[in-house]
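So the numbering used here is basically just the index in the sequence shown, starting at one, shifted up by 39.
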Amino acid sequence: KSECLARIEFAQERRLRAQESQLLAESALATGMRAIAERLCDLVFRLDDGLHICALSVPVDSFFGRSMFGECVSSTMSAEDFVRVSSSCEEASKSSVPQLLPVTILRGKDKIEAQLLITDTGMQSHRFI
């Protein structure tokens, strides 16, 4: 009995180590992708699974002239563009390949043509950048 219990504990500990290792790798990947995006892009949105802005960002807030934390990214573009962005997020998740698409950003009465780079970080809280 004690040997059986020891084997079960060993297997559980191995699984926990593997999960911890995977979380660290995902975190490192997300950090690296965010660093690349911040160097290549004018603005970086961090979005959750529901495509809401889930991280405070002074540059994003300054650009839009208001706090964007908690806002759905749909409030920054037309309904048609949001459908394409949602679809591109799904594709980025399925393929693990970043997606690039043109969108028109709505800022007050201004319309700004932009290229949107979408990357799935694989993390739960800050899923997309």
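Where a beta carbon is used, it is the ideal one built from N, C-alpha and C, also for glycine.
Problem set entry | Ala94 (DSSP reduced to helix, strand or coil) | coil
Exercise. What's the gap between the Cα of Leu145 and the Cα of Ile157?
Worked result: 18 Å
For this session: List the endpoints of the continuous alpha helix (DSSP H) containing Val142.
Result: Segment 138 to 146 is the beta strand (DSSP E) holding Val142; no alpha helix (DSSP H) there.
Problem set entry | Rounded C-alpha distance that separates Ile92 from Leu44 | 46 Å
Exercise. Anyone know if the C-beta pair for Pro98 and Val83 falls short of 9 Å?
Worked result: yes
Exercise. Beta-carbon of His91 versus every beta-carbon of chain B: anything under 9 Å?
Worked result: Reference to chain B is not applicable here, since this structure consists of a single protein chain.
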